[in-house]
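Novice: FYI, in mature numbering (1 follows the signal peptide of the UniProt record, and there is no 0) the residues of the sequence shown are -24 to -1, 1 to 554. Backbone N, C-alpha and C define an ideal beta-carbon position, used for all residues, glycine too. Computed from a predicted model, the values in this text were never measured in an experiment. Dumping the structure here so I can ask a few things about it.
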Amino acid sequence: MGIVKRTASIVTLASALLAGAATAQTEGSRAGDFALLDHQGYFHHMAWYDNNKAIAFLVQANGAPEVKQALPEFQRLQHTYQDQGIVFFLLNSLGESRDSVLSEMDSLGSDIPVLIDDVQAASEALGVERIGEALIYDPQSFRVLYRGPAGDSFRNALADVAVGKDISNAVMASNGSLVEYHTRNDNVPSYSEEIAPIIADNCASCHREGGIAPFALNSHAMAQGWSPMIREVLVTKRMPPGQLDPHVGEFSNPYFVPFEDQRKLLDWIAAGSPRGDGNDPLAELQWPETEWAFGEPDLIINVPPQTIPATGVLDYINVVVPIEGLDRDRWVRASQYLAGDRQVLHHTLNSVIGPGERLRGGFTADGDPNVGHIAAYIPGAEPHLEAPNTGGLLKAGSSIALQLHYTTMGRETVDAGRIGVWFYPDDQIPTERRTGECACIFTPTWTDIPPYHPNFEQQAEITIDADAYVMSFISHMHFRGKYMRFHAHYPDGEVEELMNIPNYNYNWQMEYKLEEPKLVPAGTRIVVTGAFDNSEQNPANPDPSIAVGWGDQSWDEMFFGQVYYKYVDQSRYLISSN
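Given below as structure tokens:
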């Protein structure tokens, strides 16, 4: 099991804010807030449970006899107290693989969620030392109320918590095997060689002058000053935004800091975020002077300015914009939508109208694969760059129909967006097309989300009718969106999870791109499962007391699970530029 000893280190994650495991063992010590994924890929943020009296943990490890002995009683106590405001979890402090924990829980017949602490930050802050020990944690104060064996003292402590009494014996010695923490060097990670590159790769592109984030991480002094915030957003998984489940699929943009890099950051912060020797790589970063992602565009489409009032509910605005400055048909390689005012522009949809044509079928997220893709605006979206040898044709004389969704923000403003388009050179004609399809729910098949429901699931699916390469995914829900998962159901009956957004946030609706396209056979069903949190615990929820229907506005709800793919046989899309 790899449970031999507790490896000592000068720098520990526990000291990274909260005085460490030694302090966490005292009565009422503050362990701080944190978030972890469980062994089935669901997200659990401790602050979300602050309407409960306590959270009970049993420290788990695969094959540990202490856990097998303690689990039946732990489950019995769960049945006794789960309706009295106490939430029960197992905590895998070793960060063991999800598949192995799944297998272990199946063999033990347990359905209690196992929180897997891949980075071990939560376990060290909680002061976990032994397998099989139990803890009681207050999700309001983030304090450890009890630690000790999962026996009579634990049972008595739960009874005290349930009736609002102070725990009489809050710290008891446990006899389980010592937890082995990840071995760390005694030396503090080097800012110049290790820490600054992590921040540059994962944070600085947004946290820079002129970036979309609120402060610039452009020097050691700034990184040191913001280090408590950096730690907080790492351990609660708030940043990087929109991060995927790292145990599902391989993506070119998972928005996730690797576990080892998280440990380095936390160790460095624990040591006081020292400058050390060497240069300051953050101060040397240089960013393009333009907001355009791929240099100056070959074509800029100016969106007509829209005056947005200070208050009120606005209908969607529909405009048709002639595409000027295009003197010949061109193959589109990339596009980018720059909002005039990101504070009011919620999203756009668009459709390209060819010369002499009219808008047919309304606005879609995919469109005709033969037509050049023009990026829409959605919160957090990246500029769109086609895969190599892939793209559609934008014909001279075309127009673009835009549907604009605005939300007011308390003051009047004007939004005047711009769309940049980059073309292939005239002698390069891409021969492949990307298509897309939405696993969506609209009225009348929409089911209203019940009032106060914390985890209301809905499901939709598409069927890919020919052999294809799945390339990317987009999810779209509104304020109550909680998670969205994509599973491939293959014709032979096998089921494979392709992507999991465990903590959906409607402010960040990225297109997640697979590192390598996934070949799926004809007849594959992509089943999309999403959940909505209509409870009072959802801080973004406008009104948990109402049943929520489908609708255009953000306080209504939507369910879009977009899948982009390429057919293996591209002959259906062969067109010329004439």
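(1) Could you compute how far the alpha carbon of residue 557 sits from the alpha carbon of residue 277?
(2) Alpha carbon to alpha carbon, how far is residue 548 from residue 186? Give it in angstroms, no decimals.
(3) Please give the ranges of any beta strand (DSSP E) in the stretch 6 to 79, keeping only runs that are unbroken, at least 3 residues long and fully inside the region.
(4) Kindly indicate which residue of 458, 224, 445 has the alpha-carbon position closest to the one of residue 517.
(5) Since residue 493 and residue 544 should fall inside the 8 Å C-beta cutoff, what is the C-beta to C-beta distance between them, to a whole number of angstroms?
(6) For a test of the three-state rule: what should DSSP assign to residue 326, helix, strand or coil?
(7) Measuring CB atoms only, is the stretch 289 to 309 touching the stretch 355 to 374, in the sense that at least three cross pairs come out at less than 8 Å?
(8) Look up residue 154 in the DSSP assignment and give the residues it is bridged to.
(9) To the nearest angstrom, how far is the alpha carbon of residue 42 from that of residue 150?
(10) Pick from 444, 51, 273, 269: whose alpha carbon is nearest that of residue 87?
(11) Could you say which of 501, 475, 483 lies nearest to residue 491 if we only look at CA atoms?
(12) How is residue 114 classed by DSSP in three states: helix, strand or coil?
(13) Okay, do the stretch 202 to 215 and the stretch 233 to 253 touch, 3+ Cβ pairs below 8 Å being the bar?
(14) In angstroms, rounded to a whole number, what distance separates the CA positions of residue 132 and residue 140?
(15) Do residue 38 and residue 99 count as a contact pair if the criterion is CB distance below 8 Å?
(16) Just confirm the distance between the C-beta atoms of residue 480 and residue 451, as a whole number of angstroms; I'd bet it's less than 8 Å.
(17) In this structure, what does DSSP give as the bridge partners for residue 283?
(18) Touching or not, the stretch 274 to 288 and the stretch 384 to 395, by the rule of three or more beta carbon pairs under 8 Å?
(19) For the beta strand (DSSP E) containing residue 427, name the first residue and the last one.
(20) Return yes when the Cβ of residue 396 is within less than 8 Å of the Cβ of residue 273, no when it is not.
(21) If I follow the unbroken alpha helix (DSSP H) through residue 209, where does it start and stop?
(22) When you compare the CB positions of residue 432 and residue 536, do they come within less than 8 Å of one another, or not?
(23) Identify, in the order they occur along the chain, each residue of the same chain with its Cβ nearer than 6 Å to the Cβ of residue 200, setting aside the five sequence neighbours on each side.
(24) Please give me, in chain order, every unbroken run of the beta strand (DSSP E) with length at least 3 that falls completely inside the stretch 356 to 383.
(25) What residues match up with residue 434 in a beta bridge as DSSP calls it?
(26) Using only the alpha-carbon positions, how far apart do residue 126 and residue 24 sit?
(27) Spatial neighbours of residue 216 within its chain, please: CB distance less than 8 Å, with the 5 preceding and 5 following residues excluded, ordered by chain position.
(28) Nearest by alpha-carbon distance to residue 470: which of 449, 461, 497 is it?
(29) Leaving aside the five residues before and after residue 191 along the sequence, list all residues of the same chain whose C-beta is less than 8 Å from its C-beta, in chain order.
(30) Can you list, in chain order, the residues of its chain whose CB lies under 8 Å from that of residue 18, leaving out five sequence neighbours each side?
(31) Identify which residue in 60, 252, 439, 105 has its Cα closest to the Cα of residue 164.
(32) Apart from the five residues on each side of it in sequence, which residues of its chain come closer than 8 Å, Cβ to Cβ, to residue 358?
(33) So for residue 199, helix, strand or coil by DSSP?
(34) DSSP three-state call for residue 458: helix, strand or coil?
(35) Just curious, the beta strand (DSSP E) that residue 129 is in, first and last residue?
(36) With DSSP as the reference, label residue 482 as helix, strand or coil.
Specialist: Considering the structure as presented:
(1) Since the first and last residues shown for the chain are -24 and 554, residue 557 lies out of range.
(2) Roughly 44 Å separates the two Cα atoms.
(3) 11 to 13, 19 to 21, 30 to 36, 62 to 68
(4) 458
(5) Not really, about 10 Å apart at Cβ, beyond 8 Å.
(6) Residue 326: strand per DSSP, three-state reduction.
(7) yes
(8) 106
(9) 11 Å
(10) 51
(11) 475
(12) strand
(13) yes
(14) Roughly 12 Å separates the two Cα atoms.
(15) Residue 99 is not a Cβ neighbour of residue 38, given a cutoff of 8 Å.
(16) The distance from the Cβ of residue 480 to that of residue 451 is about 7 Å, consistent with a contact at the 8 Å cut-off.
(17) 390
(18) yes
(19) Here residue 427 belongs to no beta strand (DSSP E), and DSSP marks it neither H nor E.
(20) yes
(21) 203 to 211
(22) no
(23) 249
(24) 375 to 382
(25) Residue 434 is bridged to 506.
(26) 25 Å
(27) 178, 179, 231, 232, 233.
(28) 497
(29) 183, 198, 202
(30) 89, 459, 478
(31) 252
(32) 229, 269, 486, 487
(33) helix
(34) strand
(35) Counting along the chain, residue 129 falls outside any beta strand (DSSP E), though it belongs to the alpha helix (DSSP H) covering 128 to 138.
(36) coil
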